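A.B. asks: Would you mind keeping the following structure in view while I ask a few things?
Numbering (the numbering used here), first residue to last: 171 to 519.
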């Protein structure tokens with residue numbers, strides 16, 4: 171099960187595809203946004219992702235104009251707060267060009283039909299569907315028409331809803347991957363439910379990744395465990411500083427945490443291996459030193475028929491193994507064999 175994301179084949183046995191989710195952590199600042207792209211590049215991420223909303227189409231006016239005092243620096247209503255952190259198409263194009271210059275892949279999550287047009291305007295090779303849009307079927311249908319890879323987050327959904335959306339994507343013959351996601355911010359570790367990664371892979375037979383929202387102080391244990399369990403894509407929010415004002419800074423990785431996570435993921439990738447059991451050259455020295463062989467308990471004269479009572483089990487492991495005992499019993503000593511040495515093939519016959 172593989173999917174081509176930009177220039178990388180992603181799936182089992184391939185390096186984990188790491189997405190640095192800027193989201194809204196730029197706080198409406200192009201300067202911060204570019205710095206976050208730099209952080210993603212400098213710490214070895216494969217892609218950087220932003221979000222796009224057409225605020226006037228997000229909700230009904232009474233909701234948009236309701237009080238929102240979470241971030242007074244951004245505004246006093248939900249509309250004002252959302253508009254403060256929203257980039258125009260032109261600004262997103264500048265960020266894409268900056269990401270191209272820094273040689274990191276750039277893509278978006280559009281949150282409405284109007285924002286889906288931005289995906290087309292920027293000619294993005296990959297697009298992401300957010301968890302709360304999993305049942306926004308008109309948007310899903312719009313995105314799959316492109317026939318370009320679609321990454322679908324699966325948080326806050328029922329199995330029936332996920333089945334329905336997956337069936338629409340399959341009907342459109344659009345390549346896709348799923349991200350296991352728990353839409354709780356931050357996500358308590360006991361709710362992460364990593365076994366669902368196996369379930370999603372088995373049920374849908376597509377690459378499955380992990381989008382984590384655990385608190386930054388958790389040392390990314392859940393994310394690393396997800397990779398070890400087979401998640402081939404990782405998406406984590408990033409920030410310049412966890413103490414900044416804004417939406418997702420508390421569940422995001424600061425530069426130091428991101429560096430640690432990426433290095434750890436690459437180490438897990440190296441540790442996964444190929445699943446084939448074989449004796450490694452690096453093990454052979456220890457095997458020869460520490461395994462048990464068949465040795466002589468007493469001296470055995472040439473021409474003597476060997477009996478089990480003449481033998482004992484001792485190291486090193488360079489002679490006959492214990493399971494070779496039937497090959498030795500009843501054989502005749504071809505030479506005089508001293509006490510307390512390993513039996514070797516040329517000694518018997």
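The C-beta atom is built at its ideal place from N, Cα and C for all residues, glycine as well. From a predicted model like this one, the values you see are computed outputs, not experimental measurements.
(1) For a test of the three-state rule: what should DSSP assign to residue 504, helix, strand or coil?
(2) I'd like to know if the region 234-243 and the region 424-440 are in contact, where contact means that at least 3 CB-CB pairs between them fall below 8 Å.
(3) Please determine, among 189, 220, 199, 238, the residue with the shortest C-alpha to C-alpha distance to residue 214.
(4) Put residue 260 into one of helix, strand or coil per three-state DSSP.
(5) If we count the other Cβ atoms within 10 Å of its Cβ and call it buried at 16 or more, is residue 383 buried or exposed?
(6) Around the C-beta of residue 359, are 16 or more other C-beta atoms found within 10 angstroms, so that it is buried, or is it exposed?
(7) Please state the DSSP three-state secondary structure of residue 419.
(8) Here's the rule: buried if 16 or more other CB atoms are within 10 angstroms of the residue's CB, otherwise exposed. What is residue 178?
(9) What's the call for residue 237, buried or exposed, on a 16-neighbour Cβ count within 10 Å?
(10) How is the alpha helix (DSSP H) around residue 440 delimited, first residue to last?
(11) Between residue 304 and residue 279, how many whole angstroms is the CB-CB distance? I'm expecting something under 8 Å.
(12) Quick one: Cα of residue 464 to Cα of residue 516, how far?
(13) Based on the DSSP secondary-structure assignment, which residues constitute the bridge partners of residue 219?
(14) Whole angstroms is fine: what's the gap from residue 146's alpha carbon to residue 348's?
(15) Taking residue 319 and residue 175 to be in contact with their CB atoms under 8 Å, please state how far apart those CB atoms are, rounded to whole angstroms.
(16) If contact is defined by three or more beta carbon pairs under 8 Å, each pair taking one atom from either stretch, is the region 361-370 in contact with the region 333-342?
(17) Would residue 222 and residue 260 qualify as a contact pair, given that the criterion is a beta-carbon distance under 9 Å?
(18) Only counting the same chain, and skipping five residues up and downstream in sequence, which positions put a Cβ closer than 6 Å to that of residue 398?
(19) On the DSSP bridge list, what partners appear for residue 493?
(20) Which one of 228, 378, 402, 254 has the shortest CA to CA distance from residue 417?
(21) Ignore the nearest five residues each way along the sequence and tell me which others in residue 385's own chain have a CB closer than 7 Å to its CB.
(22) Would you kindly report the start and end of the unbroken alpha helix (DSSP H) that includes residue 232?
(23) Is it buried or exposed for residue 381, if we count other Cβ within 10 angstroms and need 16 for buried?
(24) State the CB to CB distance for the pair residue 371 and residue 378, rounded to an integer number of angstroms; the pair is presumed to be in contact (CB under 8 Å).
(25) Apart from the five residues on each side of it in sequence, which residues of its chain come closer than 8 Å, Cβ to Cβ, to residue 247?
(26) My guess is that residue 291 and residue 321 are in contact by the Cβ rule of under 8 Å, so how many angstroms apart are they, rounded?
(27) Alpha carbon to alpha carbon, how far is residue 288 from residue 211? Give it in angstroms, no decimals.
(28) According to the Cβ coordinates, are residue 351 and residue 182 closer than 9 Å?
(29) Please list, in chain order, all residues of the same chain as residue 285 whose beta carbon is under 7 Å from its beta carbon, the five residues on each side excluded.
(30) Note the first and the last residue of the continuous alpha helix (DSSP H) segment covering residue 173.
(31) What's the gap between the Cα of residue 192 and the Cα of residue 267?
C.D. replies: Short version:
(1) Position 334 of the chain shown, counted from the first residue, corresponds to residue 504. Coil.
(2) no
(3) Here residue 214 is taken as the residue at index 44 of the chain shown, counted from 1. Cα-wise, what sits closest to residue 214 is 189.
(4) Counting from 1 along the chain shown, the entry for residue 260 is found at position 90. If DSSP states are grouped into helix, strand and coil, residue 260 belongs with the helices.
(5) Start at 1 with the first residue of the chain shown, and residue 383 comes out as number 213. With 16 or more Cβ atoms within 10 Å of its Cβ, residue 383 is classed as buried.
(6) Looking up residue 359 in the chain shown gives position 189. Burial call: exposed.
(7) The residue you call residue 419 lines up with position 249 of the chain shown. Residue 419 falls in the helix class under three-state DSSP.
(8) Here residue 178 is taken as the residue at index 8 of the chain shown, counted from 1. Counting Cβ neighbours within 10 Å, residue 178 comes out exposed, since fewer than 16 surround it.
(9) In the chain shown, residue 237 corresponds to position 67, counting from 1. With fewer than 16 other Cβ atoms within 10 Å, it is exposed.
(10) Working through the chain shown from its first residue, we reach residue 440 at position 270. Residue 440 -> alpha helix (DSSP H) spans 425-442.
(11) Counting from 1 along the chain shown, the entry for residue 304 is found at position 134. Counting from 1 along the chain shown, the entry for residue 279 is found at position 109. The Cβ separation is near 12 Å, so there is no contact.
(12) Counted from its first residue, the chain shown places residue 464 at position 294. Counted from its first residue, the chain shown places residue 516 at position 346. For residue 464 and residue 516, the distance between alpha carbons rounds to 14 Å.
(13) Translated into positions along the chain shown, residue 219 becomes position 49. The partner list for residue 219 (beta bridge, DSSP) reads 191, 277.
(14) The chain is shown from 171 up to 519; residue 146 falls before or after that span and cannot be answered.
(15) In the chain shown, residue 319 corresponds to position 149, counting from 1. In the chain shown, residue 175 corresponds to position 5, counting from 1. With a Cβ gap of about 6 Å, residue 319 and residue 175 count as contacting.
(16) no
(17) For the purposes of this step, residue 222 is taken as the residue at position 52 of the chain shown. For the purposes of this step, residue 260 is taken as the residue at position 90 of the chain shown. No. Outside cutoff.
(18) Along the chain shown, read from residue 1 onward, the residue named residue 398 stands at position 228. For residue 398, where only same-chain residues beyond five positions count, the Cβ hits under 6 Å are 438.
(19) The residue you call residue 493 lines up with position 323 of the chain shown. Its beta-bridge partners do not exist; DSSP assigns none.
(20) As a first step, residue 417 must be located in the chain shown, where it is residue number 247. Considering only alpha carbons, the answer is 254.
(21) To locate residue 385, count along the chain shown from 1; it is residue 215. Excluding positions up to five away in sequence, the list reads 356, 420, 421.
(22) Sequence index remark: in the chain shown, residue 232 carries index 62 (1-based). Start and end: 231-234.
(23) Counted from its first residue, the chain shown places residue 381 at position 211. Looking at its Cβ environment, which holds 16 or more other Cβ atoms inside 10 Å, residue 381 is buried.
(24) In the chain shown, the residue the question calls residue 371 occupies position 201. In the chain shown, the residue the question calls residue 378 occupies position 208. Yes, residue 371 and residue 378 are in contact; Cβ-Cβ is about 5 Å, under 8 Å.
(25) One-based indexing of the chain shown puts residue 247 at position 77. Result list for residue 247: 234, 235, 236, 237, 238, in chain order.
(26) Translated into positions along the chain shown, residue 291 becomes position 121. Translated into positions along the chain shown, residue 321 becomes position 151. With a Cβ gap of about 20 Å, residue 291 and residue 321 do not count as contacting.
(27) Along the chain shown, read from residue 1 onward, the residue named residue 211 stands at position 41. Along the chain shown, read from residue 1 onward, the residue named residue 288 stands at position 118. Near 24 Å, if we compare the C-alpha coordinates of residue 288 and residue 211.
(28) Position 181 of the chain shown, counted from the first residue, corresponds to residue 351. Position 12 of the chain shown, counted from the first residue, corresponds to residue 182. It is not a contact, given that the beta carbons lie outside the stated cut-off.
(29) Along the chain shown, one-based indexing puts residue 285 at 115. These residues qualify, in order along the chain: 222, 223, 224.
(30) Position 3 of the chain shown holds residue 173. From DSSP, residue 173 is part of no alpha helix (DSSP H) but of the beta strand (DSSP E) over 172-175.
(31) The sequence position of residue 192 within the chain shown is 22, counting from 1. The sequence position of residue 267 within the chain shown is 97, counting from 1. If you take the alpha carbons of residue 192 and residue 267, they lie about 16 Å apart.
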